[in-house]
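Read the structure below first, then the notes.
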Amino acid sequence: MEVRKELNVTKAAKNLYLPQPTVSRYIQVLEEELGVTLFICEGKRKMQLSEAGKIYYDIFERFQNELRDAKRLQRTRQKTLHFDYNIGWNISTFLPDIITQCRKKDSDLYISIECMEFSDPVDAIVKHRLDAILTLANYPQHHSTIRQEKVTSIRRVIIYSEILIPPHYVHGLEDFRDFEFFVISDDRIQQFRTEIENYCKTYHFVPRLRMLTNMETVIANVENGQGVSILDEWGKNMEGKGIHYVELNSNHDICIAWNSQAQTELSAIQILKEEFIQYFETHVIV
724 MEVRKELNVT KAAKNLYLPQ PTVSRYIQVL EEELGVTLFI CEGKRKMQLS EAGKIYYDIF
784 ERFQNELRDA KRLQRTRQKT LHFDYNIGWN ISTFLPDIIT QCRKKDSDLY ISIECMEFSD
844 PVDAIVKHRL DAILTLANYP QHHSTIRQEK VTSIRRVIIY SEILIPPHYV HGLEDFRDFE
904 FFVISDDRIQ QFRTEIENYC KTYHFVPRLR MLTNMETVIA NVENGQGVSI LDEWGKNMEG
964 KGIHYVELNS NHDICIAWNS QAQTELSAIQ ILKEEFIQYF ETHVIV
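Encoded structure:
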């Protein structure tokens, strides 16, 4: 079709970013397959479609147009589910598998992964900019349209830099009693701050909590030896750059939250939720 457009193999090859001999060979193979001559050379470089070439060109052109229409129709049928998870999590070890299983249940479902600051996704769900989020259980604020369901639990860890304290000096949470504990400043995780305080009390100290604006700031302060932070085992920054972690005898509950009045079909959200639950029922996440 490109040769028909240019009536010149060299120009067509340039447009297709292919060597000219390759395009000539493609034409020859197509003519052999169809059993006809598609082009007539009227000079050294001038070409015209043969009568058979005109017939096949019309067929290929109709096919191309119908294919374009079919793709357009498929895009209109496709359901897009806008999904977000906590910034700072690395869940690429299992999320692609879950998305694949969702597509097997509904081939028209497309899951768009968004990335927002820790405090933004709940508001985005309320305002229909997101359809579902994976987050800490009970983090979504109480709202008449927000629903949530627990899908798994993950271990809490305390992360620290070897700049702050050498790893061989660390045996447990009590070794961090003299350091600041960094927490994201967000009223909706007040319960988490209270849990940290109560957990540290079992080790006979009250942590000095310092509120920071976002997860990136928390990680930056930990990396530079300014203090420690209690996060979870899905954290991206638990290893490397001199960062170490200690597992705690405590868990975070993880939930899927969604808007019951979501613009995306609730059946799509149901599929995503079921696949998360099923995955965690059959896999040990480490």
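Counting from 1 along the sequence shown, just add 723 to a position and that's the residue number in my numbering.
Here a beta-carbon is modelled for each residue, glycine too, at the ideal position from N, C-alpha and C.
If we ignore side chains and look at the alpha-carbon of each, how far apart do residue i and residue j end up?
i     : j    : result
E946  : V726 : 59 Å
H866  : V929 : 33 Å
V1009 : P890 : Residue placement at V1009 cannot be trusted, given a pLDDT of 47 that sits under 50; what the coordinates show is reported in the next sentence. Rounded to the nearest angstrom, the two C-alpha atoms are 21 Å apart.
L853  : R933 : 30 Å
Q949  : T803 : 42 Å
P863  : N982 : 11 Å
S973  : T917 : 14 Å
E774  : R795 : 32 Å
N738  : Y749 : 15 Å
Of the choices the options, whose alpha-carbon is the least far from that of residue i?
i    : options                   : result
Y808 : A980, L989 and H1006      : A980
W957 : I810, I782, M724 and D843 : I810
E988 : A855, I814, S815 and P863 : A855
K996 : R795, E872 and I750       : E872
Less than 8 Å separating the beta-carbons of residue i and residue j?
i    : j     : result
L832 : A943  : no
I907 : V941  : yes
I834 : F806  : yes
F904 : V845  : no
L761 : L772  : yes
A860 : I977  : yes
I882 : I1000 : no
Can you tell me which of the three DSSP states residue i falls into?
i     : result
D955  : strand
V1009 : Because the pLDDT of V1009 is 47, which lies under 50, any placement of that residue in the model is unreliable, and the question is left without a value.
E1004 : helix
V759  : coil
R900  : coil
The stretch 892–901 in contact with the stretch 920–934 per 3-pair CB rule at 8 Å: yes
Three CB pairs or more closer than 8 Å across the stretch 735–750 and the stretch 772–790: no
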